[in-house]
Amino acid sequence: MDAWVRFSAQSQARDRLCRAAQYACSLLGHALQKRGASPELQKQIRQLEGHLSLGRKLLRLGNSADALESAKRAVHLSDVVLRFCITVSHLNRALYFACDNVLWAGKSGLAPRVDQEKWAQRSFRYYLFSLIMNLSRDAYEIRLLMEQESSGYSRRQKGSGGGTPGGSETGGPGDPGTPGGGLPQIALKLQLRVLLLARVLRGNPPLLLDVVRNACDLFIPLDKLGLWRCGPGIVGLCGLVSSILSILTLICPWLRLKP
Numbered sequence: 010m011d012a013w014v015r016f017s018a019q020s021q022a023r024d025r026l027c028r029a030a031q032y033a034c035s036l037l038g039h040a041l042q043k044r045g046a047s048p049e050l051q052k053q054i055r056q057l058e059g060h061l062s063l064g065r066k067l068l069r070l071g072n073s074a075d076a077l078e079s080a081k082r083a084v085h086l087s088d089v090v091l092r093f094c095i096t097v098s099h100l101n102r103a104l105y106f107a108c109d110n111v112l113w114a115g116k117s118g119l120a121p122r123v124d125q126e127k128w129a130q131r132s133f134r135y136y137l138f139s140l141i142m143n144l145s146r147d148a149y150e151i152r153l154l155m156e157q158e159s160s161g162y163s164r165r166q167k168g169s170g171g172g173t174p175g176g177s178e179t180g181g182p183g184d185p186g187t188p189g190g191g192l193p194q195i196a197l198k199l200q201l202r203v204l205l206l207a208r209v210l211r212g213n214p215p216l217l218l219d220v221v222r223n224a225c226d227l228f229i230p231l232d233k234l235g236l237w238r239c240g241p242g243i244v245g246l247c248g249l250v251s252s253i254l255s256i257l258t259l260i261c262p263w264l265r266l267k268p
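Per the working numbering, the very first residue in the sequence shown carries number 10; after that it's consecutive.
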């Protein structure tokens with residue numbers, strides 16, 4: 010009970026719960042439509058989804074300032090690639106939240122003349138740029154960890170006095186001396202890289218969760234901007250999965266990717 014009280018006291022937790030419920034409604038509405046449910050029930054689900062979306066926009070008022078503060082902290086990171094990716098991501102999130110606030114004002118009736126379609130497109134555009142930066146940061150961290158793992162494997166091989174040339178027994182990186190030519194050698198090297206990637210992600214749950222969460226979120230702006238039509242079912246499923254993973258990182262802070 011104490012853990013639930015601490016969790017529900019966070020504004021981010023309330024937003025994530027509303028987000029999970031919103032995309033669950035989207036997924037449920039798609040399933041009901043496929044099964045030929047009554048139009049009245051489908052309308053009620055869509056209305057509930059709309060109310061949850063509007064409530065989330067209210068909860069996110071002021072989040073632009075938090076994103077800007079996060080960008081200011083990221084500027085001082087020593088790694089230039091992480092500094093660029095994280096700072097640009099937070100700046101895009103700040104613009105996304107600002108557009109979202111304008112949308113809330115329009116939908117709530119405070120600013121009835123707001124062109125909601127235009128501001129929604131702007132909002133999803135900034136959201137997409139933020140996700141691209143997040144995935145770029147994830148790819149960079151994966152590359153660093155794979156290089157560290159590969160270097161550690163090479164040192165262990167030298168210390169043990171040899172072993173299998175390509176490290177095929179342990180899933181290590183392929184070495185130039187791998188027997189076979191052409192296509193089989195390329196396939197072997199690719200297999201070793203995939204095994205190395207799997208080992209790195211398995212050993213770093215925060216990075217794995219961040220990659221899956223950002224990859225799921227990517228489908229949402231791609232669909233809304235018309236760049237890749239996924240359909241409400243895929244959008245609802247991806248949004249629900251990413252929301253559950255976000256809630257998990259709030260419940261277990263050690264699963265949150267740092268910095």
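From the three backbone atoms N, C-alpha and C, an ideal C-beta is built for every residue, glycine too. On a predicted model such as this, the values are computed, not experimentally measured, just so you know.
Take residue i as the anchor and find which of the options has the nearest alpha-carbon.
i           : options            : result
residue 134 : 26, 234, 157       : 234
residue 213 : 168, 112, 265, 26  : 265
residue 57  : 80, 29, 84         : 29
residue 274 : 55, 46, 49         : Residue 274 lies beyond the residue range present for the chain, which begins at 10 and ends at 268; the question has no answer from this structure.
residue 59  : 117, 89, 20, 22    : 117
residue 149 : 100, 210, 242      : 210
residue 217 : 64, 24, 129, 144   : 144
residue 243 : 49, 262, 229       : 229
residue 27  : 115, 256, 126      : 256
residue 231 : 64, 86, 136        : 136
residue 139 : 101, 163, 166, 165 : 101
residue 224 : 166, 142, 168      : 142
Hey, quick one: how far does the alpha helix (DSSP H) through residue i stretch, first residue to last?
i           : result
residue 99  : 89 to 116
residue 244 : 241 to 260
residue 128 : 125 to 169
residue 64  : 48 to 68
residue 206 : 191 to 211
residue 278 : Past the boundaries of the shown model lies residue 278; the chain is included only from 10 to 268, so the question cannot be answered.
residue 231 : 214 to 233
residue 81  : 72 to 83
Would you say residue i touches the ligand NAP, meaning its beta carbon is less than 7 Å from a heavy atom?
i           : result
residue 211 : Judged by which ligands are present, the structure shown has none, so any question about the ligand NAP falls away.
If you measure between the beta carbons of residue i and residue j, is that distance less than 8 Å?
i           : j           : result
residue 246 : residue 36  : yes
residue 112 : residue 132 : yes
residue 124 : residue 66  : no
residue 208 : residue 158 : yes
residue 147 : residue 219 : yes
residue 249 : residue 32  : yes
residue 268 : residue 154 : no
residue 22  : residue 259 : yes
residue 96  : residue 76  : no
residue 252 : residue 25  : yes
Of all Cβ atoms in chain C, is any one closer than 8 Å to the Cβ of residue i?
i          : result
residue 75 : Given the protein chain composition of this structure (a single chain), no chain C is represented.
Query - the region 35 to 43 / the region 59 to 70 touching (three or more Cβ pairs under 8 Å) - result: Contact fails: fewer than three Cβ-Cβ distances are below 8 Å.
Query raised in the report: Touch check for the region 87 to 106 and the region 196 to 206: three-plus C-beta pairs under 8 Å?
Result: no
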